[in-house]
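Asks:
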Amino acid sequence: MAVVSQSTVQQWENGRNVPSLENLEKIARLKGMLVEDFIAYLYGRSHGPTQENILARLEVMQLEELSQVLYLIGDRIALPDRVIVDKGEGQDHRGVGRTLR
Numbered sequence: 001m002a003v004v005s006q007s008t009v010q011q012w013e014n015g016r017n018v019p020s021l022e023n024l025e026k027i028a029r030l031k032g033m034l035v036e037d038f039i040a041y042l043y044g045r046s047h048g049p050t051q052e053n054i055l056a057r058l059e060v061m062q063l064e065e066l067s068q069v070l071y072l073i074g075d076r077i078a079l080p081d082r083v084i085v086d087k088g089e090g091q092d093h094r095g096v097g098r099t100l101r
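For the sequence shown, full-length UniProt numbering begins at 1 and goes up steadily by one.
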């Protein structure tokens, strides 16, 4: 973790100084962002997420954050409890066709 003095941060906030690229990268990583996205965010030029950006963000996420993302994905793709699936011949438990042997 980067150690930065309070006066340095105040200089950044007041526009008297700017963080180095190395510090920007560290700050972006702490926020789970790519440095490019973080800089765009700072200048109010955030753009919508792309598949490439999402994958890159996942790579820099802390394990706890990644766990939360996986939990949300699981909720989103899970079958609702009230769906009744016909387990007819030639289908598995999800109702997806399968080859009989």
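Quick reminder that beta carbons are idealized off the backbone N, C-alpha and C, glycines included.
These figures come from a predicted structure and were not determined experimentally.
Around the C-beta of ASP37, are 16 or more other C-beta atoms found within 10 angstroms, so that it is buried, or is it exposed?
Replies: So ASP37 ends up on the buried side.
Asks: Give me the residue from ALA40, VAL4, ARG45, ILE54 with the minimum Cα distance to LYS26.
Replies: When only C-alpha atoms are compared, the closest one is VAL4.
Asks: So, helix, strand or coil for LEU72, using DSSP?
Replies: Helix, per DSSP.
Asks: Buried or exposed: where does ARG57 fall if 16 or more other Cβ atoms within 10 Å of its Cβ makes it buried?
Replies: Its Cβ being crowded by 16 or more others within 10 Å, ARG57 is buried.
Asks: For ASN14, collect the residues of the same chain with a Cβ closer than 8 Å to its Cβ; drop the 5 residues on either side in sequence, then sort them by chain order.
Replies: Answer for ASN14: no residue qualifies.
Asks: Determine the DSSP secondary structure at THR8, reduced to helix, strand or coil.
Replies: Of the three classes helix, strand and coil, the one that applies to THR8 here is helix, per DSSP.
Asks: At the level of alpha carbons, what is the spacing between LEU42 and ALA78?
Replies: The alpha-carbon atoms of LEU42 and ALA78 are separated by roughly 36 Å.
Asks: What span of residues does the alpha helix (DSSP H) with TYR41 cover, start to end?
Replies: Counting along the chain, the alpha helix (DSSP H) containing TYR41 begins and ends at 35–42.
Asks: Between the Cα of LEU34 and those of LEU66, ASN53, ILE73, spot the shortest distance and give me the residue it belongs to.
Replies: Selected option, being the one with the closest Cα: ASN53.
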